[in-house]
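Residue numbering for the sequence shown is 1395 to 1821, as defined by the working numbering.
Cβ coordinates follow ideal geometry from the N, Cα and C atoms, glycine included.
Computed from a prediction, not measured in an experiment: that's the story for all the values here.
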Amino acid sequence: MRTGGLSLDQAPSEDIPLRFFLTAPIFGLVSGMLVIWKGGLIFSNTWIPETIALTHLITLGWMGMVMFGALYQMIPVLVGGIVPFPRLSRLLHTMMIPAILLMASGFFWNHYMLLKTALILLFLTIFFFVLQLVPPLVRADGSRPVVLAMRLALGCLGLTLLMGSLNLAQYSGWWPGILDRNMLKTVHLLMGLLGWIGCLIFGVGFHVIPMFYLSKPFPESRARGILLSGFGSLLALSLGIILEWNKELLLLLSLPGLAAVLLFSFTILKMLHQRKRKVSDSTLRLWQGGILSLCLAVPLGLAHLIYPGQQWLMLFGVLFLGGFAVSVSNGMLYKIAPFLVWFHRFSPLVGQIKVPLLKDLLPNRSAWVQTTFHGSSLMLVCVGIVFESDSAIRLGAGLWMFSSLLLLINLILVISKFPKSQESPVV
């Protein structure tokens, strides 16, 4: 592992990112239970309240938790910025959990008061999160691709919050329906999935692949080109949807973004293939599977522009969120969590007592088992969507739950390891 260029002395208290990381697989369990309960119905239409609930359990409950925790860790360490008010990070985590559960429950039970309460909590949580991260990112060196990616991702998160809040306020009856909800939903999805999640994973990938897998560095000029062309395409596509441009023009505007995705994917896969450390582990497979899922997901999303259909959108959602975003974040959790534990608890004791190696904190076998269940669950759900098989979808959801439970157990095992002379910290 390469640690050059990292400001490890500025790392936040270990409990801040770890509390977010531990919460993510719990929402994976909840989302799996919802799919088992409702079955194939949940993948029949994107406007069904249960489908919206499931989407936000994954986007906010899983990905939101992982990405919030990752930014709290990476802005000080990778960017060198100081995130102000660290106690606020713990408060926002505490607010975020009931907010997500209230939103999912509100959609599931069609309860407007729950939705209004969730909207207030979520808006405050995300607003103060963005406000907290703006100062260190503004002061950071913007010429670095990772900084540019974080800035773009944070901007997209703000736009996602705006569009989602307007849509939810309309839906719950808080303000008159003067805006087209389909337009709000589409731009909300574009900014949230491709902008917020996509930009951040791209930016983190530029740095963590060389760091953890000892590969060649990601070319900086190429990284900036990918980010700028992808973001420019995303903005143009969003504007076209707002102004109701024709499908042919929307497809044309999306091509630079598609090219950026394919170039990023090709470069990452090439870097992983040419890595110096040839040992294969579960995190490598999660990255490879995630990148391949991304390459399948984006064309499916574009296919919906030409031949509108719910099946295209459902497959896009499963492959982008489950196949790409969750897979990559799962792999990063297996790298970041052991590193945090080793750095904070064991590195100060090097030379004084015998300390474990980083790889000893997480047995590779247990991670492989969890990765296998994760991949199998996604394949079953995709088969169920294509062939409209309720049993395949429910079985896939069961494997998804088991995978989430195994991930939670593996993370707990990692954070429960500490020098015998110290008590286990409370996370």
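**OP:** Report the partner residues of Val1744 according to the DSSP bridge assignment.
**Re:** Ile1747
**OP:** Would you grab the beta carbon distance between Ser1723 and His1768 for me? Rounded to a whole angstrom, and I think it's under 8 Å.
**Re:** Actually they are not in contact, since the Cβ atoms of Ser1723 and His1768 sit about 11 Å apart, beyond 8 Å.
**OP:** Could you spell out where the alpha helix (DSSP H) holding Leu1560 opens and where it closes?
**Re:** Pro1539 to Tyr1565
Original post:
Does DSSP classify Ser1818 as helix, strand or coil?
Top reply: Note that Ser1818 scores a pLDDT of 49, beneath 50, so its modelled location is shaky; the value from the coordinates is reported in the next line. If DSSP states are grouped into helix, strand and coil, Ser1818 belongs with coil.
Original post:
Helix, strand or coil: how does DSSP classify Gly1474 here?
Top reply: coil
Original post:
Between which two residues does the alpha helix (DSSP H) harbouring Pro1611 extend?
Top reply: Premise fails: Pro1611 is in no alpha helix (DSSP H) and is neither H nor E.
Original post:
Nearest CA to the CA of Val1720: which residue from Thr1453, Gly1634 and His1738?
Top reply: Thr1453
Original post:
In terms of alpha-carbon separation, which member of Ser1407, Gly1433, Gly1422 and Phe1421 lies closest to Leu1789?
Top reply: Gly1433
**OP:** Just tell me which of Leu1542, Met1726 and Thr1488 has its CA closest to the CA of Asp1675.
**Re:** Met1726
**OP:** Could you tell me whether the Cβ atoms of Val1581 and Ile1520 are closer together than 7 Å?
**Re:** no
**OP:** Could you have a look at Val1429 and say whether DSSP puts it in helix, strand or coil?
**Re:** helix
**OP:** May I have the straight-line CA-CA distance separating Gly1597 from Val1540, to the nearest angstrom?
**Re:** 5 Å
Original post:
In whole angstroms, what is the alpha-carbon distance linking Met1577 and Leu1584?
Top reply: 11 Å
Subject >> CA nearest to the CA of Tyr1466, picked from Lys1729, Val1808, Ala1405 and Gly1426 >> reply: Ala1405
**OP:** Could you spell out the range, first to last residue, of the alpha helix (DSSP H) harbouring Ala1691?
**Re:** Ser1676 to Ile1700
Original post:
Does the Cβ of Tyr1701 have 16 or more other Cβ atoms within 10 Å, making it buried, or fewer, making it exposed?
Top reply: exposed
Subject >> Contact belief for Ser1648 with Leu1633 at Cβ below 8 Å, rounded distance in angstroms >> reply: Actually they do not touch by this definition, with Cβ atoms about 12 Å apart.
**OP:** Within the region 1639 to 1670, note down every full alpha helix (DSSP H) run reaching 4 residues or more, in order along the chain.
**Re:** 1641 to 1667
Original post:
What's the C-alpha gap between Ile1446 and Phe1740?
Top reply: 43 Å
Original post:
Helix or strand or just coil, what does DSSP make of Ser1438?
Top reply: coil
Subject >> Proximal residues to Ser1566 (C-beta, below 6 Å), its chain only, five neighbours per side dropped >> reply: Tyr1506, Leu1509 and Lys1510
Subject >> Contact set for Leu1416: own chain, Cβ-Cβ below 8 Å, skip 5 residues either direction >> reply: Leu1802, Leu1805, Ile1806, Ile1809 and Val1821
**OP:** Keeping to the same chain, check which residues put their C-beta closer than 6 Å to that of Glu1817; ignore five residues upstream and five downstream.
**Re:** With a pLDDT of 48 at Glu1817, under the threshold of 50, the modelled position of this residue cannot be trusted; read the value that follows with caution. Same-chain partners within the cutoff: there are none.
Original post:
With distances taken from CA atoms, which of Ala1731, Ile1662, Ile1595 and Ile1572 is nearest Ser1609?
Top reply: Ile1662
**OP:** Measure the Cβ-Cβ separation of Val1712 and Val1655 and say whether it is below 7 Å.
**Re:** no
Subject >> Burial state of Gly1703 (16 or more Cβ within 10 Å) >> reply: exposed
Subject >> Distance, Leu1715 Cα to Cys1593 Cα >> reply: 14 Å
Original post:
What do you get for Ile1747, buried or exposed, if any count of 16 or more other CB atoms within 10 angstroms of its CB means buried?
Top reply: exposed
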